[in-house]
Amino acid sequence: GDGTDGAGTATLTNKGTVNADNVTVNGDGQMDTSGALTVARELAVEGGTVNSTGTTTADKLTVDNGGTLNSSGDTTANTLTVDNDGKVNVNGGKTDVTTTNLNDGAVTVEKGATLDSDTLNVGDGTDGAGTATLTNKGTVNADNVTVNGDGQMDTSGALTVARELAVEGGTVNSTGTTTADKLTVDNGGTLNSSGDTTANTLTVDNDGKVNVNGGKTDVTTTNLNDGAVTVEKGATLDSDTLNVGDGQDGAGTATLTNKGTVNADNVTVNGDGQMDTSGALTVARELAVEGGTVNSTGTTTADKLTVDNGGTLNSSGDTTANTLTVDNDGKVNVNGGKTDVTTTNLNDGAVTVEKGATLDSDTLNVGDGTDGAGTATLTNAGTVASDIINVNADGNIKVNDGGEVTAADSATVNGGTVDIAQGGTLNSGDNGQNDFVVNSGNVNVDGTLNAKNITSDPAKEESADDAKINIGSTGTLNLKPTDDQPLFAGLDTSKGGDAINVDGKLNVNVADGNTATQANTAGITGTGTLNKDGNGDLVLTAPTNTLGTVNANDGVLTVDNGSKLNANTLNVGDSDNKPATVKVNGEVAAKDVNIANDGTLNVGDASGSPAGKLDATNPISMNGGTLNVNPKATLTTPNIVSPDAADNEASTVNVAKDATLNLNPTEGAKLFDGFNSAPGGKDAINVNGTLNLDVASGTVTQPVSAPISGNGIFNKEGGGTFDVKANNPFAGNVNVNDGTLQISEGGKLGKATVNVNSPATLAVDKSGTELGNLNLKGGGTLSVTATPEGYTKVQVNGNADTSKGTLFVDIAGSNEHDLADGKFHGFITANSFKKSDGTDIDKSKPFSHYDDNSALFDFIPTIAADGKTIDLTPTSSQMKLVDIVQLFNLTRAFDAAKALDTNFTHSPANELSRLFYTIRDDKQAANALLESLPTLAGASSQVVADTSRHLANLAKIYDRCEDNVQQGDKHIWAKTFGSWGTQAQYQGAAGYRSESYGFAAGVEKCHQQTRLGVMMGYAYDHVRSRESVSDQRLRADTIQAGIYGNTPISSIADLDFRAGIGYSDVGTERNIKFANRTAQGNYGNKIGYAGVGVNFNAFSSEQAVIKPFIRLDYQVVRNNHYSERGAGVLNLNVDAGTNQSLVSQAGIDMKARLADKFSVNTRVGVGYDLVGELASTRAAFAGAPDVKFTTKGAQHGRVSGEMGIEMNYHITPAATLSVGYDASARKGYIEHTPNIMFKMAF
């Protein structure tokens, strides 16, 4: 059609194939296509009609000016634009469009038909409402749908939106099934849903409206920020989270009206939100009215109902909740119906129950006791029913500072109060030699009270008889009791009446020859200090005494059997050279225990009865002195330490037979830190009872300076590690019950019998150790190690029973030289290897189980022929490198993995195998394999081939001589380039980043219409691996010479050709990190290339030339044999190899003259490698020269593409300066090449 005649006067009927770049169907045109219609650019229906029942494909599809497209076949386009009352009717089949812009007009999708559009825009926001309509009776699928202000979508079929359906001012009427990830109604838009609508999020903003008129709308999160949501009777809104208002606007700007059913997990009504519900509202968790308003005349059910921040709940229907909380001036008005709540917490705000209304709450709390009077109010004019209602809201002696009161004969308090202020003093007796009697009343000491004793008459039941002694934090009570009566006689604190509270100081001085015994009913409490002075004895007998600090300065302080002393700090001795002793015959619990050089701490009696108990929260500190744990007694503490680093004092620890010392040191601690019990030291640690060492986690170390003596029992408990560094003369039993007993740096248990039980481990470092006897029980483990400095050697002076245990070999830090002959010789030496029944252990199986942390090798223990030593022999494990290849999809490394596996199997002890002993897991194995591959995984010939192609392409072989005849028939040119490219890794083959720089020069001559030229060029390449664990580099120097030419073969075609040879000197470097080695190589590559092409003069004018072309290029790269150096057995002996390619290419060359002196050339081509030979390397490791393997490079794919643009400035008719940019790509590879050329005729 030409738009000048009546509709349908120009018709095109296609039952076959129609191909075009552009198709326009004007107002008088009609196209009926049942065949194949392919439009490379635009199919424009400009007022006409297109009826498509076949296959229609176009880049752009435009329906404009009242045009109509009827599609019942398969229609495909990148963009579909409908404008100016255009119409698109999808009557059947599938219309698949990337972007649909329905600006003005109509799109209809009939039942059974499908419209699939990644982006679908209904309306462009420039016209009146409804001028762009989409009617869906079939299926519409899209990633994003936007309905603008002039758009309307009516969908009764299936609408599926993978991302967002945005109603931006327009209208969506859904009576079918609508599904979207995000559903946004904004800018006054409207969504009317009476079908099934599903979304992850529904956001309503800027006066948007959602009307749920029927069916079910199911949403994970609803954010009603600004606008309205209405749920009509019979309709359902189901939303996990429902937020009404966002707190940003005025009250009631976000409203939800429910006449049907609303179900949610959580509902929040913020300050600008309002919910009016006359239907059914069910909230599984919390309905929170956070400043907004809820008006409920229907049925409302929630687990938690919170009215906060000035919010209001008006209920005249039936409201049910487990908890109702009203806070921060919230308001609840029960205007009618029944509100049924399990617990009501009216913390702050108001609840009003109107006449005829009912509030039923099992528990009703009015106020929470934290605010002013009347801030929580409940007003009831109706009915309130509750199980529990909570409505929350005599003389005196003062001794002041500087005063002193002395009672020469007696001082008695009968019900009054004595207050001794700080700086004041009260003496009972001229020198405090009399008792101070307090029968009842209060004595408050913030100054000083001096007395022989404080006594009381027998306590009575009446509270008026209570006697209370309070020593304030600044007060001091000085007592000098004797053995004629108990300390605090007559006071009874056991019933909670009398009280002795010491927050200051209680100084008890017992003269030599006296024993003061505490009344067993007079328990002391407080945070103050008890100072025991004098050479006499003080015996504490009350069931419980609790103090901050207890200082046993002189004499004897005894905690009697049946009595318990709780203290923050217990100090034994004061370093005044007067002996001080603490006897724990009962129980003591203290955070800190400190023993001075004149102190002795006895836990329990030496006879074994009574048996005391002491628990110290922190390590016991000994600056000299003696600590005795006597028979049947128990001492528990994290550690015993000494600050005496200079060894000036003698500290002695004795654990007697049948006594127990429990130590639980913290992670990182040193056991007996600061002790010097080694030969020549003053300290001693004697364990003849039981020492239980519990290392819960981490490592605890026994320093060299603190060896343990004795013949008792040492139990290692806890999952942590105890590291023995001392040479212990201990001759008892060491039971390793849990965790690890580590012996390092020459530590020894040369006289002890070491029993390793399940699931414990005995670990010995490279320095080895000496044991008395060794018994590995079932589940017990012996762990030995190998390091570059040596491997474990264990000397057992007696018998070693390993038959039931497990051997673990820590090989991770070994050095291949440790196993130069393929064995660990004598890692265990014993006088005998016998089982518990006295029979010999099987020499071929000295352990029940054995394991190691080498992923690729196992180490098999055997007893040597002399029956005195156990050796280890390596063998390849069940894990193979070919399995690692499959696990991580490292297919390009399969052949190398197979070669290494072969070596591991046949020569597990050779040097190449030993390098892989330390590989611990799959990832390390994969890394080691990749680091062992040839440089760039064999892709070096591809790098050289790419450079050779660069140099060959520097010569322009496409220009005819007639194009340049006015400039002369001889030309000389020079061209330089820089190139950078990236190759992605592929299946284990390393990717790489290449940089190339080069130049070439040539001369050419025209003879008639034939042009011949010669050229020579040089290029330098620097390549480094990328996307790979291996660090590999390659450099290449390439020189190349060639000939080229061009000649016409017809008036519209010419033939071009080129050929050349070259040589490349290549250097490689592989950094093999797992073996700490670097392999280097040097070798040469021979290069050859030849190519021929045909160029067709499709269009030619003074301003432009268009030439399609086809061509065929052959290239060969031959690398010489070479051997690497520097990496020992990991060096590669690389075979000579050849890499060839034969690329067929088609493309188009275009030239345009933009001005007299300025022109531009562009060239685009696509090629296919007919040979498809991948660059590869065949090599063998120097450590396994007979096992060869082939590794292919990361390049893959046979299709390549290239494009170029060149700007030419014609300085003179005979001289041209050109600047160009070329890009080429193949699968996983892209390269950029800018270049500069100068060409001159002569």
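First residue of the sequence shown? That's 1 in the UniProt record's numbering, and the numbers climb one at a time after it.
C-beta: ideal position from N, C-alpha, C; glycine also.
Give the DSSP-derived three-state secondary structure of residue i in the structure shown.
i            : result
residue 935  : helix
residue 742  : strand
residue 1138 : strand
residue 945  : helix
residue 966  : Its pLDDT being 45, under 50, residue 966 is placed unreliably in this model, and the coordinates cannot settle the point.
residue 1    : coil
residue 587  : strand
residue 922  : helix
residue 1024 : strand
residue 822  : Residue placement at residue 822 cannot be trusted, given a pLDDT of 48 that sits under 50; the coordinates are not used to answer.
residue 929  : helix
Just how far apart, CA to CA, sit residue i and residue j?
i            : j            : result
residue 1037 : residue 1063 : 8 angstroms
residue 572  : residue 656  : 20 angstroms
residue 171  : residue 186  : 11 angstroms
residue 1101 : residue 1154 : 13 angstroms
residue 716  : residue 939  : 58 angstroms
residue 4    : residue 1231 : 53 angstroms
residue 876  : residue 764  : 25 angstroms
residue 71   : residue 179  : 25 angstroms
residue 563  : residue 477  : 23 angstroms
residue 205  : residue 1196 : 52 angstroms
residue 1112 : residue 1047 : 16 angstroms
residue 857  : residue 908  : 8 angstroms
residue 592  : residue 586  : 18 angstroms
residue 35   : residue 244  : 56 angstroms
residue 629  : residue 689  : 9 angstroms
residue 26   : residue 8    : 10 angstroms
residue 1167 : residue 955  : 19 angstroms
residue 441  : residue 480  : 23 angstroms
residue 11   : residue 1    : 8 angstroms
residue 522  : residue 466  : 13 angstroms
From which residue to which residue does the beta strand (DSSP E) around residue i run?
i            : result
residue 274  : 273 to 277
residue 1115 : 1104 to 1119
residue 1004 : 991 to 1007
residue 440  : 435 to 445
residue 161  : 158 to 168
Between the beta-carbon of residue i and the beta-carbon of residue j, is there less than 8 angstroms?
i            : j            : result
residue 684  : residue 634  : no
residue 1021 : residue 1033 : no
residue 513  : residue 529  : no
residue 534  : residue 502  : no
residue 79   : residue 97   : yes
residue 827  : residue 866  : no
residue 184  : residue 197  : no
residue 383  : residue 358  : yes
What are the start and end residues of the alpha helix (DSSP H) that includes residue i?
i            : result
residue 884  : 881 to 888
residue 904  : 894 to 906
residue 1244 : As displayed, the chain neither begins before 1 nor continues past 1242, which places residue 1244 out of reach and without an answer.
Say yes only if the C-beta of residue i is nearer than 7 angstroms to one or more non-hydrogen atoms of the ligand PLP, and no if none qualify.
i           : result
residue 430 : The ligand content of the structure shown is nil, which means the ligand PLP is not present either.
Are the C-beta atoms of residue i and some chain C residue less than 8 angstroms apart?
i         : result
residue 2 : Although the question refers to chain C, the structure presented lacks it and comprises just one protein chain.
Inside the segment 637 to 717 only - beta strand (DSSP E) runs reaching at least 3 residues: Here the runs fully enclosed are 651 to 655, 660 to 663, 684 to 687, 690 to 694, 699 to 702 and 713 to 717.
Beta strand (DSSP E) runs wholly inside the segment 51 to 102, at least 3 long, in chain order: Those beta strand (DSSP E) runs which fall completely within the segment 51 to 102 and span 3+ residues are 55 to 64, 68 to 71, 74 to 82, 86 to 90 and 94 to 102.
Kindly provide the ranges of any beta strand (DSSP E) runs that are 3 or more residues long and lie completely inside the segment 245 to 310, ordered along the chain. Runs of the beta strand (DSSP E) inside the segment 245 to 310: 254 to 258, 261 to 270, 273 to 277, 280 to 290, 293 to 296 and 299 to 308.
Those runs of the beta strand (DSSP E) which lie wholly inside the segment 488 to 547 and span at least 3 residues: Within the segment 488 to 547, the beta strand (DSSP E) runs of at least 3 residues that lie entirely inside it are, in chain order, 499 to 502, 505 to 509, 515 to 517, 529 to 533 and 537 to 540.
Unbroken alpha helix (DSSP H) runs of length 4 or more, entirely within the segment 834 to 860: which are they? Fully enclosed alpha helix (DSSP H) runs of 4 or longer: not present.
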